[in-house]
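Quick notes on the structure that follows.
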Amino acid sequence: MSELLGVMAASMQADMSRVNTVAHNIANSNTAGFKRMFTLGDGQAGSLVDQRQGALSRTGSDLDLAIEGNGFFTVADNGGSYVSRGGAMRLDSRGRLVLAQSGLPLSGDGGEIFLRPGVFRVDDGGQVFQGDDRVAQIKLTYPAKDARLEAAGNGLYRLQGALADPKDAGGAGRVRQGYLEMSNVNSTREMVELMEATRHFESVQKAVQGMDAVWDKALRTLGEF
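First residue of the sequence shown? That's 1293 in my numbering, and the numbers climb one at a time after it.
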């Protein structure tokens, strides 16, 4: 009996984790660069990131960048490095190109990217130009197929695992200036999954309550002898 209750309790915990993950997805369905999270299931802890491409939306702003295809933008701070698909940028007081949401500097192949006042251009290969001068090369990171991404907030992810050569990752991504990648969350699908998880939780809960009633009745009956 106790083992069965333990299995049911674990199932209810998994449903609660699934509900929390789906609610997080729905809350970020309009967040540029957000990647849908999903639980592993089968009694495994943690969640994974759905790395599929979101739709690209044209903004016309030179400070908006999107990746078409594979790869992630790379940013770094004193606590380590992160990757992101959120390409809304701004220039900070030092003239660094930083992510608008987190304020962390975008990494180039030579480190942080500094820009002079004025117009700049980014080509499909991630090269940054001001006038005729090539001033930086945006660094894209390609996780290996078995690597995991851990959400770190502000559209950032910690990479757990090895890196891959762009050719092994399905090809190099193209940087698109004047675009943002939208969330890859399908709100309708998430609502369906939310209802399924809630109903499953309720059904297991009723089963537990039924077993508790049977157990209580058995104890009362034994107490009469």
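Ideal placement from N, C-alpha and C gives every residue a C-beta, glycine not left out.
- The segment 1356-1369 makes contact with the segment 1460-1475, as at least three CB pairs between them are under 8 Å.
- CA-CA distance, residue 1377 to residue 1468, rounds to 12 Å.
- Around the CB of residue 1324, 16 or more other CB atoms lie within 10 Å, so the residue is classed as buried.
- Here the C-alpha atom of residue 1422 lies approximately 14 Å from the C-alpha atom of residue 1430.
- A contact between stretches requires three or more CB pairs, one per stretch, nearer than 8 Å, and the segment 1466-1485 fails this requirement with the segment 1395-1411.
- By the criterion of at least three beta-carbon pairs nearer than 8 Å, the segment 1305-1313 is not in contact with the segment 1451-1458.
- As the crow flies, the alpha-carbon of residue 1438 is around 27 Å from that of residue 1394.
- By the Cβ rule, the segment 1367-1374 does not count as touching the segment 1486-1495, because fewer than three pairs are nearer than 8 Å.
- In the DSSP annotation of this structure, the continuous segment of the beta strand (DSSP E) that includes residue 1445 starts and ends at 1440-1445.
- Put simply, the backbone Cα of residue 1401 is about 28 Å away from that of residue 1340.
- Cβ contact annotation for residue 1320 (same chain, cutoff 8 Å, sequence separation greater than five): 1326, 1475, 1477, in chain order.
- For residue 1345, the CB contacts under 8 Å within the same chain, skipping 5 residues up- and downstream, are 1360, 1361, 1473, 1476 in chain order.
- Restricting attention to alpha helix (DSSP H) runs no shorter than 4 residues, the segment 1350-1383 encloses none.
- Annotation: the continuous beta strand (DSSP E) that includes residue 1428 extends over 1425-1429.
- Sixteen is the threshold: when 16 or more other Cβ atoms of the shown chains lie within 10 Å of the Cβ of residue 1389, as they do, the residue is buried.
- Beta-bridge analysis with DSSP links residue 1435 to 1455.
- Under the DSSP definition of a beta bridge, residue 1325 lacks any partner.
- Less than 8 Å separates the beta-carbon of residue 1471 from that of residue 1356.
- Take the alpha-carbon of residue 1441 and the one of residue 1452: they are about 6 Å apart.
- The C-alpha of residue 1382 is placed about 16 Å away from the C-alpha of residue 1428.
- If you check the CB distance, residue 1420 and residue 1399 do not come in under 8 Å.
- DSSP, read as helix, strand or coil, puts residue 1496 in helix.
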